[in-house]
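**Student:** The structure is given below, and queries will be raised subsequently.
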Amino acid sequence: MMQSMPRRHGGFSLVELMVSVVIGLLALLFATRLVVSGETNKDAAIGGSDSMQNGMLALFSLSGDAGIAGWGLNDRTVSGCDTTFFDQRGYQLLTVKRDGADVTPLAPVVIQSNGAEPDVISFNSGSSNAGVGSMLMTADYGGENFVVASEGSPYGYSPGDVLLVAAQAPDRPCTLMQVSGFMPPPLDTRMTLTTGGVYRYNQIAGMAQAYKKNVTYMYNLGQPDRLHFHTWSVRNGVLRLRATDLAGAEAAGTTVVDNVVSIKAQYGFDTRVVSDWNPNPSGNGIDASKVNPLGGIQVTRWSGDMINADGDAETGGLGDYQRIAAVRIAVVARSKTAEKPAADGTCSATTVLPTVFGGAAPASVPAVPVQVNVAVAGDTLNWKCYRYRVFETIVPFLNSQFRP
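Take 17 as the starting number for the sequence shown in the working numbering and just add one per residue.
Structure follows, in structure tokens:
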């Protein structure tokens, strides 16, 4: 009689089960690492895309302002003039130094240069169709509630227009105010000055500064709510704008773009020596006596601070502002998402602070590079945990190159 063999039961042995578990755990580990790596790459790509979009939008906004700057401000008695300015909605002109003293110049661009920290940049222009239309003041002004013009109810001047009063004397401040109307004939050469209401730029019914007749001109800058005075700044990683023509943004400003950590600017001066400087280029039917013998205006030096560009005894005077041919602008934007720190808590997404204005442009003009501090106040993460993009452009001031 044959002995029966023991029957084998189906299933896995303990060893087989342990091997299967180990293989499964390894597969899960690889899958998890793949997902985490994919999410990290996705965050980096999205962060890079955000910084690209934000930086380009910020640069587009600044360069757009620079492109129209100087309209109505290119007369030699206006550009750079220390200006008395009041806005009942709270906008203030940018304050800078002139030979150590605080002034509020009115010019196509005014820069508060702050070294490695973000600059504050102001671009200014009028909106009048007349561009640089002006009237001569034909009677001394000593605080009256009217000014006397060279003609009655002049063409192109309307009640409410913003006027910039400037004397043909470099030591006499300019005054910005609004004309409220014209007296009836035979006193129709008198333009009235009224305060309150729609006359937002008139602090008093008149002007605090006295002016002499026949050497003082009144330039029309257009309607009050279209006056294009813009001041750009960066605060806590956000690009902000104060503006006279943007309701609610006159005093405190408004947010424009986030994750912008710095803006920088440099004046492009023409420092070439020529007597009776005139930016008008040659040709184009211009009177030969008004042509710049150097063939127009061009950049020969970059500087974030005001310099003595015209070689006179004053740094930051009218002549220096009139030597500004262009402005160089830089925007530094950062990624929206910070990269994960290493095991020891350190970050290495960025190891060196960004540098702007490092290239010579044009090639014959030496660059003045600036290393930018990109740390954001109140941010709990180190600045090295983010990636940064630098955007730069140069904008010539075309409106300033043709003097009336």
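The beta-carbon is built from N, C-alpha and C at its ideal position, and this holds for glycine as well.
In whole angstroms, what separates the C-alpha of residue 158 from that of residue 100?
**Tutor:** Residue numbering aside, residue 158 sits at position 142 when the sequence shown is read from its first letter. Residue numbering aside, residue 100 sits at position 84 when the sequence shown is read from its first letter. If you take the alpha carbons of residue 158 and residue 100, they lie about 16 Å apart.
**Student:** Answer yes or no: do residue 196 and residue 403 have a C-beta to C-beta separation smaller than 8 Å?
**Tutor:** Position 180 of the sequence shown, counting from 1, holds the residue named residue 196. Position 387 of the sequence shown, counting from 1, holds the residue named residue 403. Cβ distance not < 8 Å, so residue 196 and residue 403 don't count as in contact.
**Student:** If I'm right that residue 373 touches residue 390 with Cβ under 8 Å, what's the distance once you round it to whole angstroms?
**Tutor:** Numbered from its first residue, the sequence shown carries residue 373 at position 357. Numbered from its first residue, the sequence shown carries residue 390 at position 374. So it is not a contact: roughly 15 Å between Cβ atoms.
**Student:** Any idea if residue 413 is buried or exposed, counting beta-carbon neighbours within 10 angstroms, 16 or more meaning buried?
**Tutor:** Position 397 of the sequence shown, counting from 1, holds the residue named residue 413. The residue in question, residue 413, is buried, as its Cβ has 16 or more Cβ neighbours within 10 Å.
**Student:** Could you tell me which whole beta strand (DSSP E) segments of length 3 or greater appear in the region 170–225?
**Tutor:** 178–183, 190–194 and 206–208
**Student:** Could you tell me which of 93, 38, 35 and 379 sits nearest to residue 336, measuring between CA atoms?
**Tutor:** Here residue 336 corresponds to residue number 320 of the sequence shown, with the count starting at 1. Here the closest residue by C-alpha is 93.
**Student:** Residues in the same chain with beta-carbon distance under 8 Å from residue 293, minus the five sequence neighbours each way, listed in chain order, please.
**Tutor:** For the purposes of this step, residue 293 is identified with residue 277 of the sequence shown, where counting begins at 1. Result list for residue 293: 308, 326, 335, 338 and 339, in chain order.
**Student:** Which residues mark the beginning and the end of the beta strand (DSSP E) in which residue 284 is found?
**Tutor:** The residue given as residue 284 occupies position 268 in the sequence shown. Unbroken beta strand (DSSP E) run through residue 284: 276–285.
**Student:** Helix, strand or coil, according to DSSP, for residue 378 in the structure here?
**Tutor:** The residue you call residue 378 lines up with position 362 of the sequence shown. Three-state result, residue 378: coil.
**Student:** Indicate the three-state DSSP secondary structure (helix, strand or coil) for residue 408 in the structure shown.
**Tutor:** Counted from its first residue, the sequence shown places residue 408 at position 392. DSSP places residue 408 in strand when its eight states are reduced to three.
**Student:** Roughly how many whole angstroms lie between the Cα atoms of residue 330 and residue 262?
**Tutor:** Mapped onto the sequence shown, residue 330 falls at position 314. Mapped onto the sequence shown, residue 262 falls at position 246. Answer to the nearest angstrom: the Cα atoms are 35 Å apart.
**Student:** Of all the options 124, 83 and 408, which has the alpha carbon lying nearest to the alpha carbon of residue 278?
**Tutor:** Locating residue 278 in the sequence shown gives position 262, counting from the first residue. Of 124, 83 and 408, the residue nearest in Cα terms is 408.
**Student:** I'd like the list of long-range same chain contacts for residue 401, defined as Cβ closer than 6 Å, with 5 residues on each side in sequence excluded.
**Tutor:** As a first step, residue 401 must be located in the sequence shown, where it is residue number 385. For residue 401, same chain residues with a beta-carbon under 6 Å away, outside a window of 5 residues either side, are 354, 355, 363 and 365 in chain order.
**Student:** Let's see if you can read the secondary structure: which residues bound the beta strand (DSSP E) around residue 98?
**Tutor:** The residue you call residue 98 lines up with position 82 of the sequence shown. 97–100 is the extent of the beta strand (DSSP E) around residue 98.
**Student:** So, is residue 251 buried or exposed, given that buried needs 16 or more other C-beta atoms within 10 angstroms?
**Tutor:** Here residue 251 refers to the residue found at position 235 of the sequence shown. Exposed.
**Student:** What's the gap between the Cα of residue 102 and the Cα of residue 116?
**Tutor:** Counting from 1 along the sequence shown, the entry for residue 102 is found at position 86. Counting from 1 along the sequence shown, the entry for residue 116 is found at position 100. Rounded to whole angstroms, residue 102 to residue 116 spans 23 Å at the Cα level.
**Student:** Could you check the C-alpha separation between residue 347 and residue 323 for me, to the nearest Å?
**Tutor:** As a first step, residue 347 is located in the sequence shown; it is residue number 331 there, counting from the start. As a first step, residue 323 is located in the sequence shown; it is residue number 307 there, counting from the start. Approximately 23 Å, taken between the alpha carbons.
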